[in-house]
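Below is one structure; the comments refer to it alone.
2 protein chains.
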Amino acid sequence: MGLLVVGSIALDDIETPVNKVENVLGGSSTYITLAASYFTSKIELIGVVGNDFSKEHIKILEDHNIGLTGLQIKTDGKTFHYGCKYGEDCNNRETIFTDLNVFENFDPIIPEDFRKSSFVLLGNIAPELQLNVLSQLESPKLVVCDTMNLWINIAKKALIETIKKVDVLVVNDSEAKQLSETDNIFSAAKALQAMGPRIVIIKKGEHGAILFMEDDIFCVPAYPLESIVDPTGAGDTFVGGFTGYLHKTKDLSFNNLKRAVVYGTVMASFSVQNFSTVGIENLEQSEIAKRYNEFIIMTQFD
Amino acid sequence: MGLLVVGSIALDDIETPVNKVENVLGGSSTYITLAASYFTSKIELIGVVGNDFSKEHIKILEDHNIGLTGLQIKTDGKTFHYGCKYGEDCNNRETIFTDLNVFENFDPIIPEDFRKSSFVLLGNIAPELQLNVLSQLESPKLVVCDTMNLWINIAKKALIETIKKVDVLVVNDSEAKQLSETDNIFSAAKALQAMGPRIVIIKKGEHGAILFMEDDIFCVPAYPLESIVDPTGAGDTFVGGFTGYLHKTKDLSFNNLKRAVVYGTVMASFSVQNFSTVGIENLEQSEIAKRYNEFIIMTQFD
Chain A
0 MGLLVVGSIA
10 LDDIETPVNK
20 VENVLGGSST
30 YITLAASYFT
40 SKIELIGVVG
50 NDFSKEHIKI
60 LEDHNIGLTG
70 LQIKTDGKTF
80 HYGCKYGEDC
90 NNRETIFTDL
100 NVFENFDPII
110 PEDFRKSSFV
120 LLGNIAPELQ
130 LNVLSQLESP
140 KLVVCDTMNL
150 WINIAKKALI
160 ETIKKVDVLV
170 VNDSEAKQLS
180 ETDNIFSAAK
190 ALQAMGPRIV
200 IIKKGEHGAI
210 LFMEDDIFCV
220 PAYPLESIVD
230 PTGAGDTFVG
240 GFTGYLHKTK
250 DLSFNNLKRA
260 VVYGTVMASF
270 SVQNFSTVGI
280 ENLEQSEIAK
290 RYNEFIIMTQ
300 FD
Chain B
0 MGLLVVGSIA
10 LDDIETPVNK
20 VENVLGGSST
30 YITLAASYFT
40 SKIELIGVVG
50 NDFSKEHIKI
60 LEDHNIGLTG
70 LQIKTDGKTF
80 HYGCKYGEDC
90 NNRETIFTDL
100 NVFENFDPII
110 PEDFRKSSFV
120 LLGNIAPELQ
130 LNVLSQLESP
140 KLVVCDTMNL
150 WINIAKKALI
160 ETIKKVDVLV
170 VNDSEAKQLS
180 ETDNIFSAAK
190 ALQAMGPRIV
200 IIKKGEHGAI
210 LFMEDDIFCV
220 PAYPLESIVD
230 PTGAGDTFVG
240 GFTGYLHKTK
250 DLSFNNLKRA
260 VVYGTVMASF
270 SVQNFSTVGI
280 ENLEQSEIAK
290 RYNEFIIMTQ
300 FD
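For the protein sequence lines, the chains are A and B, in the order given. All the letters of the first sequence, read from the start, carry residue numbers 0 to 301 under this note's numbering. All the letters of the second sequence, read from the start, carry residue numbers 0 to 301 under this note's numbering.
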């Protein structure tokens, strides 16, 4: 079975200190599926778009062999439209507008054929929708779940219900602290693991990521970049690369999860070097392999 | 020849959100020499103390086989006294007072026997004093230099002169940005390398450290700790462990510098678990080896 991905699909307006783009491809599942497509060819995307979602955008997904059977195209509405602006060092993001449009009434229907999917990635959407998806599935082998501070603020109860049912929870450091109500990320990870997921990944942006699997810890730095063009979707790209690699290898050992975290980090590094999904649209396998090998030099000692 | 260490020796008053201590052993060279003593037995400390520096403090240094031939004891004055207070998460330090006392007129005289030292560690003191020390030495093989934001603010010209003459510069991330006038640590490291030192180490506190050697980069995370008792001296302890290991092994290859960075990180992790130098006063070699091995699990993949 393929890798089942559920998440948002959006058109984004993004402003950084040096540039501004409008109506570019965005949304959690877009970054996720593109990143995963470099590792595994069987990906099924469950999402919704409106009548303004262009053929060119569809083609980008199709060119990456992303299955669109589960993509709902609503001709009576517009695609989820999101606008944000970044501060000087690209660390602070301000949401300018959030027009949910067709996403407001998104009902994630999993086609019959995909209900037995064994690898499922719940991209960053409302936890109620994530629970809805899980209820349609027959005993998946690995459920990876991403989320964000918005849901901790407005839907914490549903989020905690979701977390109970997932194998891997991916959050950033401030979300981990907020959700666990602790001020130390190692304490936070333990508290989150106690809430359900055997595996927790805490993303730290420019400081890399930490994988927690039972009592084991694996730390990976971010790829060294002297400038960031657009951080939008970096976390989604990370989780897409991570899960895509696991889906390809079907190996859930700690050592293979380490490799998956490094591949996720490599993919995120490409994503932030350009606006929207441009940085992960036309990669060569050799470019990915090159950065993976740079991580070996950058982190390995004997 | 032994490892020559020049730096401050102080009595500290330290207040954290949970506790307060007064007149405890402090100063850059104190942490440095104690940390280095776990790796190499030939260490010579150049520093100055006053008439209030107790026999117990001298004994701590002697018990670690730290050579005190170069220690000046001024009977007509008091030891450098420093007071600071930490904020809620121990990330923010406020200096409460700085009584230089006998340190104000410190003239670092290198005893004749040590002028041919091949490994020299210039702890965090005024860059003019660091230059003074260097002028007394005969072609050292490796000069490691630590500094702090204070000297960037008030003695930048002398600091730049010092940096020109050292092999390894150790700074934290904000100091690296300030000194290089860039806002990205990878650009900052390149700029600092262009100022002289072949090797630059950027300390990132809870996010670990990055070693830059010519075009190569090595990243190491911090040791995972769920609480920090006292961060004072963590950076000094890091550089002490790092240089002590290099002095022991006499191997300046990139791979051995990686190991040295890991040992520095291990030593810093012990330091912050107790007030003052208490965390690095009575360690067993097996405890250091255990944490080093934990770093292997935490960072190595294949």
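Where is the CB? At the ideal position from N, CA and C, for every residue including glycine.
Going along the chain, which residues of the stretch 26 to 45 of chain B sit with their C-beta nearer than 7 Å to a C-beta in chain A?
From the stretch 26 to 45 of chain B, no residue has a Cβ closer than 7 Å to chain A.
Can you check DSSP and say which residues form a bridge with K19 of chain A?
-> Position 20 of the first sequence, counted from the first residue, corresponds to residue 19 of chain A. DSSP lists A:E14 as partners of K19 of chain A.
Using only the alpha-carbon positions, how far apart do T236 of chain A and G239 of chain B sit? Stepping through the first sequence from its first residue, residue 236 of chain A is reached at position 237. Stepping through the second sequence from its first residue, residue 239 of chain B is reached at position 240. The alpha-carbon of T236 of chain A is positioned some 39 Å away from that of G239 of chain B.
Please list the terminal residues of the continuous alpha helix (DSSP H) segment that includes M266 of chain B.
Reading the second sequence from its first residue, position 267 is the one you call residue 266 of chain B. Where M266 of chain B is concerned, the enclosing alpha helix (DSSP H) stretches over F253 to S270.
Where I95 of chain A and E283 of chain B are concerned, what is the direct C-alpha to C-alpha distance, given to the nearest angstrom? Taking the first sequence and counting its residues from 1, the one referred to as residue 95 of chain A is at position 96. Taking the second sequence and counting its residues from 1, the one referred to as residue 283 of chain B is at position 284. Distance between the alpha carbons of I95 of chain A and E283 of chain B is about 56 Å.
With a Cβ-Cβ cutoff of 9 Å, do G69 of chain A and D12 of chain A count as a contact?
-> What you label residue 69 of chain A is simply residue 70 of the first sequence in a count that begins at 1. What you label residue 12 of chain A is simply residue 13 of the first sequence in a count that begins at 1. No; because the gap between Cβ atoms is not below 9 Å, this pair is not in contact.
Shorter than 9 Å from the beta carbon of S226 of chain B to some beta carbon of chain A?
Stepping through the second sequence from its first residue, residue 226 of chain B is reached at position 227. So yes, S226 of chain B belongs to the interface.
* Mind pulling the chain B residues with CB within less than 7 Å of S186 of chain A? -> Taking the first sequence and counting its residues from 1, the one referred to as residue 186 of chain A is at position 187. Chain B residues near S186 of chain A: E225.
Hey, L256 of chain B and I198 of chain B are a contact pair by Cβ (cut 8 Å); roughly how many whole angstroms apart? Looking up residue 256 of chain B in the second sequence gives position 257. Looking up residue 198 of chain B in the second sequence gives position 199. Cβ atoms of L256 of chain B and I198 of chain B come within 8 Å of each other, at about 7 Å.
Return helix, strand or coil for R290 of chain A, following the three-state DSSP convention. For this step, residue 290 of chain A is matched to residue 291 along the first sequence. Of the three classes helix, strand and coil, the one that applies to R290 of chain A here is helix, per DSSP.
task: Kindly indicate if chain A contains any beta-carbon less than 9 Å away from that of G207 of chain B.
output: Here residue 207 of chain B corresponds to residue number 208 of the second sequence, with the count starting at 1. For G207 of chain B, the nearest CB of chain A lies under 9 Å from its own CB, placing it at the interface with that chain.
When the Cα atoms are used, what is the spatial distance from R290 of chain A to L33 of chain B? For the purposes of this step, residue 290 of chain A is taken as residue 291 along the first sequence, with counting starting at 1. For the purposes of this step, residue 33 of chain B is taken as residue 34 along the second sequence, with counting starting at 1. Answer to the nearest angstrom: the Cα atoms are 39 Å apart.
I need the boundaries of the beta strand (DSSP E) containing A208 of chain B, first residue and last residue.
Here residue 208 of chain B is taken as the residue at index 209 of the second sequence, counted from 1. Unbroken beta strand (DSSP E) run through A208 of chain B: A208 to M212.
Requested in this report: Kindly list, in the order they appear in chain A, the residues whose Cβ is closer than 7 Å to that of V170 of chain B.
Outcome: Locating residue 170 of chain B in the second sequence gives position 171, counting from the first residue. The CB of V170 of chain B never comes closer than 7 Å to any CB in chain A; the least such distance is about 17 Å.
Just to confirm, is the Cβ distance from C144 of chain B to L168 of chain B under 9 Å?
The residue you call residue 144 of chain B lines up with position 145 of the second sequence. The residue you call residue 168 of chain B lines up with position 169 of the second sequence. Yes; because the gap between Cβ atoms is below 9 Å, this pair is in contact.
- Query: Listed in chain order, which residues of the stretch 109 to 143 of chain A have Cβ atoms closer than 7 Å to some Cβ of chain B?
  - Reply: Listed in sequence order: no entries.
_Residues in the same chain with beta-carbon distance under 6 Å from G263 of chain B, minus the five sequence neighbours each way, listed in chain order, please._
Numbered from 1 along the second sequence, position 264 holds the residue referred to as residue 263 of chain B. Around G263 of chain B, the same chain offers F237, G240 and F241 as residues with beta carbons nearer than 6 Å, after the five sequence neighbours per side are excluded.
Whole angstroms is fine: what's the gap from F274 of chain B's alpha carbon to S285 of chain A's?
The count along the second sequence starts at 1 and reaches residue 274 of chain B at position 275. The count along the first sequence starts at 1 and reaches residue 285 of chain A at position 286. Our two residues, F274 of chain B and S285 of chain A, have alpha carbons roughly 50 Å apart in a direct line.
Self-check item: Listed by chain order, chain A residues near K202 of chain B by CB distance under 8 Å
Solution: Walking along the second sequence from the start, residue 202 of chain B turns up at place 203. Contact of K202 of chain B with chain A by beta-carbon distance below 8 Å is absent, the smallest such distance being about 13 Å.
Item to check | Bounding residues of the beta strand (DSSP E) (the contiguous stretch that carries Y85 of chain A) | outcome: Counting from 1 along the first sequence, the entry for residue 85 of chain A is found at position 86. Segment F79 to Y85, the beta strand (DSSP E) holding Y85 of chain A.
query: Which bits of chain A does V261 of chain B rub up against, with CB to CB less than 7 Å?
result: The sequence position of residue 261 of chain B within the second sequence is 262, counting from 1. Chain A residues near V261 of chain B: F300.
For this session: Could you confirm whether any beta carbon from chain C is found closer than 9 Å to the beta carbon of C218 of chain B?
Result: Checking the listed chains, one finds no chain C in this structure; the protein chains it contains are A and B.
**OP:** Anything in chain B within Cβ reach of I287 of chain A, meaning under 9 Å, just list it in chain order.
**Re:** Locating residue 287 of chain A in the first sequence gives position 288, counting from the first residue. Within chain B, no C-beta atom comes less than 9 Å from the C-beta of I287 of chain A; the nearest is roughly 16 Å away.
Within-9 Å CB hit, N281 of chain A to chain B:
The sequence position of residue 281 of chain A within the first sequence is 282, counting from 1. So no, N281 of chain A is outside the interface.
key: chain A contacts from the stretch 83 to 108 of chain B (Cβ-Cβ distance under 9 Å)   = Listed by position along the chain: E87 and D88.
*To which residues of the same chain is K140 of chain A closer than 6 Å at the C-beta, ignoring the five residues directly before and after it?*
Against the first sequence, residue 140 of chain A aligns to sequence position 141. Correct list, in chain order: S117.
C-alpha gap between I162 of chain A and T15 of chain B, whole angstroms = Residue mapping note: residue 162 of chain A aligns to position 163 of the first sequence, counting from 1. Residue mapping note: residue 15 of chain B aligns to position 16 of the second sequence, counting from 1. Between I162 of chain A and T15 of chain B, the C-alpha separation is close to 35 Å.
Would R114 of chain A be called buried (16 or more neighbouring beta carbons within 10 Å of its own) or exposed?
-> Along the first sequence, read from residue 1 onward, the residue named residue 114 of chain A stands at position 115. Flag for R114 of chain A reads exposed.
What does a CB cutoff of less than 7 Å around F269 of chain A pick up in its chain, not counting 5 residues either side in sequence?
Locating residue 269 of chain A in the first sequence gives position 270, where the first residue counts as 1. Only G278, I279 and L282 meet the Cβ criterion.
Can you check which of these residues, B:D172, B:S40 and B:I108, is closest to G6 of chain B by C-alpha distance?
Along the second sequence, read from residue 1 onward, the residue named residue 6 of chain B stands at position 7. The candidate whose alpha carbon is nearest that of G6 of chain B is B:I108.
Spell out whether any CB of chain B is found under 9 Å from the CB atom of L247 of chain A.
-> What you label residue 247 of chain A is simply residue 248 of the first sequence in a count that begins at 1. Residue identity differs from the one stated: residue 247 of chain A is Lys in this sequence, not Leu. It does not: the Cβ of K247 of chain A has no partner Cβ on chain B nearer than 9 Å.
Counting beta carbon pairs with one atom in the stretch 178 to 197 of chain A and one in the stretch 209 to 227 of chain B, are three or more of them shorter than 8 Å?
Between the stretch 209 to 227 of chain B and the stretch 178 to 197 of chain A, the count of C-beta pairs closer than 8 Å reaches three or more; the two stretches touch.
**Pairwise C-alpha distance: Q272 of chain A and G243 of chain A** = Translated into the one-based positions of the first sequence, residue 243 of chain A becomes position 244. Translated into the one-based positions of the first sequence, residue 272 of chain A becomes position 273. Rounded to whole angstroms, the gap between the alpha carbons of G243 of chain A and Q272 of chain A is 21 Å.
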